[in-house]
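Enquirer: Here's a structure for you.
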Amino acid sequence: MTLKRLRRHWDVLGKKDPLWAVLASDDKRGNRWQVDEFFATGQGEIEEVTKHVEALGVELDHGNALDFGCGVGRLTQALADRFEVVWGVDIAPSMIERANHYDRHPGTCHYRLNERPDLQMFESESFGFIYSNIVLQHIEPRHQRSYLKEFVRVLAPGGVLVFQLPSERIERESGTWGRLRRGIRSTAPAPILNAYRRIRWGRRALIEMWGMPRDEVTGLLRGEGATILDVRADRFAGAHWAGFRYTVTK
Numbered sequence: 027m028t029l030k031r032l033r034r035h036w037d038v039l040g041k042k043d044p045l046w047a048v049l050a051s052d053d054k055r056g057n058r059w060q061v062d063e064f065f066a067t068g069q070g071e072i073e074e075v076t077k078h079v080e081a082l083g084v085e086l087d088h089g090n091a092l093d094f095g096c097g098v099g100r101l102t103q104a105l106a107d108r109f110e111v112v113w114g115v116d117i118a119p120s121m122i123e124r125a126n127h128y129d130r131h132p133g134t135c136h137y138r139l140n141e142r143p144d145l146q147m148f149e150s151e152s153f154g155f156i157y158s159n160i161v162l163q164h165i166e167p168r169h170q171r172s173y174l175k176e177f178v179r180v181l182a183p184g185g186v187l188v189f190q191l192p193s194e195r196i197e198r199e200s201g202t203w204g205r206l207r208r209g210i211r212s213t214a215p216a217p218i219l220n221a222y223r224r225i226r227w228g229r230r231a232l233i234e235m236w237g238m239p240r241d242e243v244t245g246l247l248r249g250e251g252a253t254i255l256d257v258r259a260d261r262f263a264g265a266h267w268a269g270f271r272y273t274v275t276k
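Here's what the structure looks like:
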């Protein structure tokens, strides 16, 4: 999916069911999230992440923070309780519009639309903390690589980058149908694969998933001059994906 199509896709989701699109749960589909409950999940997540970083013996710079793929600001607002200035960027205009609508930290949170395969809007070494969760997994690997390089570029010396990314799909299907589906995914050109996904999902929202092997991620980061502090398994990508949360400094 090109960035143009990705923008259009998430813009539609942001208009129809923005909170569920950000944090999907079967019982919340159809605008069933309560706003306070939704944003409370962000508070809990950021509290856990910052404690994890501190447990690694790293002192956080509480100046500027970046929330990449901010959606409606679920994590941006939680970061605003801990950092002086927080920037949230997203590819979908409707998400940025909703983020400004829900913003409870005017003057601290700043939301910007970013439709580029880079973070050119920010100068190098701008942020002491960068966080991205359940975002990169929806972006094709060629753009994942570009954004990872940009994360390192805009990270200040001594700053901390934390992000989540699936590594590989865990196959749980068996039998003839399972083998057929695995064959389609492993050999079909992208247009055929996308058509297959649309047939499979029907009229439900199609949210594409992409991964990158752990060794490739760590090799890319080190090649950009970053230091890997911690890599730990997580399941944010769902039951059918193995993935990791990376904690990085520079």
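Residue numbers for the sequence shown follow the numbering used here, so the first one is 27 and each next one is one higher.
Note that beta-carbon positions come from the ideal geometry of N, C-alpha and C, so glycine has one too.
Have a look at Leu45 and Arg108 and give me their C-alpha separation to the nearest angstrom.
Expert: Leu45 and Arg108: Cα-Cα distance of roughly 23 Å.
Enquirer: Could you give the distance in angstroms between the alpha-carbon of Val38 and the alpha-carbon of Val161?
Expert: C-alpha separation (whole angstroms): 16 Å.
Enquirer: Quick one: is Arg100 buried, meaning 16 or more other Cβ sit within 10 Å of its Cβ, or exposed?
Expert: Buried, by the Cβ-count rule.
Enquirer: I'd like to check one pair, Leu255 with Leu174: are the Cβ atoms closer than 9 Å?
Expert: No.
Enquirer: For Ile254, which residues does DSSP report across the bridge?
Expert: DSSP output for Ile254 lists Val274 as bridge partner(s).
Enquirer: When you compare each of Glu80, Arg33, Val48 to Gly185 by their alpha carbons, which one comes out closest?
Expert: If we check each option's Cα against that of Gly185, Glu80 comes out closest.
Enquirer: According to DSSP, is Val112 part of a helix, a strand, or is it coil?
Expert: Here Val112 sits in strand by DSSP.
Enquirer: Could you tell me the alpha carbon to alpha carbon distance between Val178 and Ala268, rounded to whole angstroms?
Expert: Each residue's Cα considered, the two are about 24 Å apart.
Enquirer: What's the gap between the Cα of Glu85 and the Cα of Glu250?
Expert: If I take the Cα positions, the gap works out to 22 Å.
Enquirer: How would you label Trp227, buried or exposed, when you count the other beta carbons within 10 angstroms and need 16 or more for buried?
Expert: Low per-residue confidence applies at Trp227: pLDDT is 38, beneath 50, and the placement is therefore not dependable, though the value from the model is reported in the following sentence. Exposed.
Enquirer: If you follow the alpha helix (DSSP H) that Ala125 is part of, which residue opens it and which one closes it?
Expert: It spans 119-128 - the alpha helix (DSSP H) in which Ala125 sits, taken as one unbroken run.
Enquirer: Just tell me which of His131, His164, Gln103 has its CA closest to the CA of Ile117.
Expert: Comparing Cα positions, the closest option is His164.
Enquirer: Is Arg223 helix, strand or coil when you go by DSSP?
Expert: Because the pLDDT of Arg223 is 47, which lies under 50, any placement of that residue in the model is unreliable, and the number read from its coordinates should be weighed accordingly. Arg223 falls in the helix class under three-state DSSP.
Enquirer: Is it a yes or a no for the stretch 129-146 touching the stretch 88-102, going by three-plus beta-carbon pairs under 8 Å?
Expert: Yes, since at least three Cβ pairs between the stretch 129-146 and the stretch 88-102 fall closer than 8 Å, the two stretches touch.
Enquirer: Out of curiosity, what's the CA-to-CA distance linking Arg223 and Arg33?
Expert: Annotation note: pLDDT 47 at Arg223 (below 50); position unreliable, no value reported.
Enquirer: Counting Cβ pairs, one atom from each stretch, are 3 or more of them under 8 Å apart for the stretch 138-156 and the stretch 47-57?
Expert: No, because fewer than three Cβ pairs between the stretch 138-156 and the stretch 47-57 fall closer than 8 Å, the two stretches do not touch.
Enquirer: Just to confirm my understanding: we take Gln170, look at its own chain, exclude 5 residues before and 5 after, and list those with CB closer than 8 Å. What are they?
Expert: These residues qualify, in order along the chain: Leu162, Leu191, Trp236, Met238.
Enquirer: Pick helix, strand or coil for Glu73, following the three-state DSSP scheme.
Expert: In the structure shown, Glu73 sits in a helix (DSSP, three-state: H, G or I).
Enquirer: Judging by CA-CA distance, which residue of Glu176, Leu29, Leu92 is the nearest neighbour of Ala252?
Expert: Among Glu176, Leu29, Leu92, the Cα nearest to that of Ala252 belongs to Glu176.
Enquirer: Using a Cβ-Cβ distance cut-off of 9 Å, determine whether Val48 contacts chain D.
Expert: No chain D appears in the structure shown, which is made up of a single protein chain.
Enquirer: According to the Cβ coordinates, are Phe65 and Tyr157 closer than 9 Å?
Expert: Going by C-beta atoms, Phe65 is not nearer than 9 Å to Tyr157.
Enquirer: When you compare the CB positions of Gly8 and Leu92, do they come within less than 9 Å of one another, or not?
Expert: There is simply no residue 8 to check, as the chain begins at 27 and stops at 276 in what is shown.
Enquirer: Classify Gly40: buried if its beta carbon has 16 or more other beta carbons within 10 angstroms, exposed otherwise.
Expert: Gly40 should be labelled buried.
Enquirer: So, helix, strand or coil for Met153, using DSSP?
Expert: With the sequence shown as reference, residue 153 is identified as Phe, and Met is not the correct amino acid for it. Strand at Phe153.
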